[in-house]
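Here this note's numbering is used: the first residue of the sequence shown is 78, the next is one more, and so on. Each remark here refers to the structure printed beneath this line.
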Amino acid sequence: MSESLFAAAGSTSNYVTTDTNVTGQMTPVLEIQPDDGVGLVIHNAVDVGQKRQGFPIYADLRDSNDNPLPLDTVVAIGYESPTHDNIQVVSTPLSNISSYIKKSIKEQQNRENVDSVKHELKNKRLEVRDIDAAYVMLNSSTQIDHANSEIYVDNDAVDEVDIE
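Dropping the structure here:
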């Protein structure tokens with residue numbers, strides 16, 4: 078069963094919480110942590126667009142003045158489990174956010190544009206158990222303001238699974 082994961086205009090979906098990034102460091106802005114007995118599988122091959130690998134994250138990333146975050150903002154996917162001391166980066170970092178700045182979320186979802194917002198995991202999928210957490214992380218010179226921002230993980234990328 079696919080699961081909707083998002084943070085938009087101060088609201089969040091199930092399993093999602095938001096945080097403000099620390100400027101100049103790769104830090105989480107969106108935490109994905111399933112409830113007890115639930116796991117999430119994030120797939121690295123969503124069949125949309127031309128690129129076979131990756132899953133789309135649609136976003137409008139803004140600061141407290143409602144300005145887009147800087148072009149050189151880096152976006153990556155992180156993962157943390159009880160056996161790790163630190164959050165591990167598990168995707169190829171997206172080195173600039175030009176597609177997020179230039180295109181609306183609706184335009185990002187268009188088949189011709191979706192490849193520019195796909196994030197490639199280092200493995201075929203990311204399994205997030207109820208004791209783990211996955212993150213959307215940013216390295217930016219400006220802090221995100223979640224009241225002005227929107228982040229959506231493509232529904233086809235995420236499956237909810239029972240782990241009990």
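Glycine included, C-beta positions come from ideal geometry on N, C-alpha and C.
Fully enclosed by the segment 133 to 179, which alpha helix (DSSP H) runs are 4 residues long or longer? 175 to 179
Could you please give the first and the last residue of the uninterrupted alpha helix (DSSP H) stretch that includes I182? I182 to Q185
Looking at the structure shown, is V123 part of a helix, part of a strand, or coil, going by DSSP? coil
C-beta atoms of H246 and A84 nearer than 8 Å: No answer is possible for residue 246: it lies beyond the span of the chain, which begins at 78 and ends at 241.
I'd like to know if the segment 216 to 234 and the segment 128 to 142 are in contact, where contact means that at least 3 CB-CB pairs between them fall below 8 Å. yes
Going by alpha carbons, who is nearest to L138 out of D239, N216, E241 and I240? N216
Please return the same chain residues whose Cβ sits closer than 7 Å to the Cβ of E237, not counting the five positions on each side in sequence. M78, E80, V115 and L117
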